[in-house]
Each structure stands twice: as structure tokens, then as C-alpha cells.
Amino acid sequence: MSLLMLGMIYLYIGAAIAVVFLLFGLGRIDENAQDAWIFRPLLIPGVLLIWPLVLWRWWVLHKGEEKLDRHRMPRIRQERVQLTFIIVIPVILVTALVVRQDPTALEPPVLIEAPQ
């Protein structure tokens with residue numbers, strides 16, 4: 181079986197799961213999405229690609245286990261990451277401006293012609 185055929189089968193299974201999940205399962209996983217029907221078509225490409233993860237999460241929550249605490253942010257780490265970005269992004273920009281090539285110092289392009 182070719183790789184293209186495997187990819188098509190994967191996407192067909194993902195399409196079937198995406199339709200069922202977006203119609204019936206999304207409201208059970210996320211309470212904020214229970215009556216939000218407008219944005220669900222935007223989720224189709226993502227569900228097509230990660231349908232095994234979506235199916236697993238839907239199954240875990242369907243079995244009655246606790247909801248995943250995905251909205252609780254680790255505040256200490258978040259502040260550290262923000263401070264790191266505040267320092268790293270300007271350093272990257274300044275370094276890019278300093279190391280930037282000078283277009284006047286470059287040699288002019290050479291035209292390559294086919295031999296006669």
C-alpha cells in the first residue's frame with residue numbers, strides 16, 4: 181500500500197471523526213463551545229490532522245474521569261517566560277541589525293551564459 185493511500189485513509193477517518201466530534205462531542209469537552217456553532221468549521225483542518233488525540237481525549241472525558249485542567253496556567257513559569265521574551269526578543273533584533281549584510285560591500289552578480 182502506498183504512502184499516498186495511507187494518507188488518504190488517515191484523512192478519511194479524520195473526516196468522519198471530525199464530523200461526529202464537531203456535531204456531538206465538542207460541547208462535552210469544552211463547556212464554552214456548547215452553543216457556539218459558527219467557529220466549528222474552522223476546527224475541521226486541525227481535527228483532520230490530530231484526530232487520534234481528539235478521539236483519545238473524548239474517550240477519557242466520556243468515561244467520567246476528571247476534566248483536564250488545561251485552563252489553569254502555571255503562573256510562575258508564565259512570568260519567567262515573559263521576562264525571558266522581554267530580554268531575548270530585543271537582543272535578537274539588535275543582533276540582526278548589527279550583523280546585517282551591507283549590500284554595497286557585496287560583489288555584483290555575474291551573468292552565467294551557456295557555452296556557444
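Here our numbering is used: position 27 in the sequence shown is 207, and no number is missing along the way.
Each residue gets a CB set at the ideal place from its N, CA and C atoms; glycine is no exception.
Under the three-state reduction of DSSP output, Ile292 falls in the coil class, being neither helix nor strand.
DSSP places Phe265 in the helix class (H, G or I) of the three-state scheme. In the structure shown, the three-state DSSP call for Leu184 is helix. By the C-beta density criterion, Ala198 is buried, having at least 16 other C-beta atoms within 10 angstroms. With contacts defined as CB atoms closer than 8 Å, Leu235 and Leu202 fail to qualify as a contacting pair. In this structure, Leu206 lies near Ala213, with their beta-carbon atoms less than 8 Å apart. Counting along the chain, Gly207 sits inside the alpha helix (DSSP H) bounded by residues 206-209. Spanning the alpha carbons of Met188 and Phe265 requires a straight line of approximately 40 Å. Excluding the 5 residues flanking it on each side, Leu228 has same chain C-beta neighbours closer than 7 Å at Leu191, Gly194, Ala195, Ala198, in chain order. Cβ atoms of Trp238 and Ile209 come within 8 Å of each other, at about 6 Å. In this structure, the alpha-carbon of Ile267 lies about 29 Å from that of Pro283.
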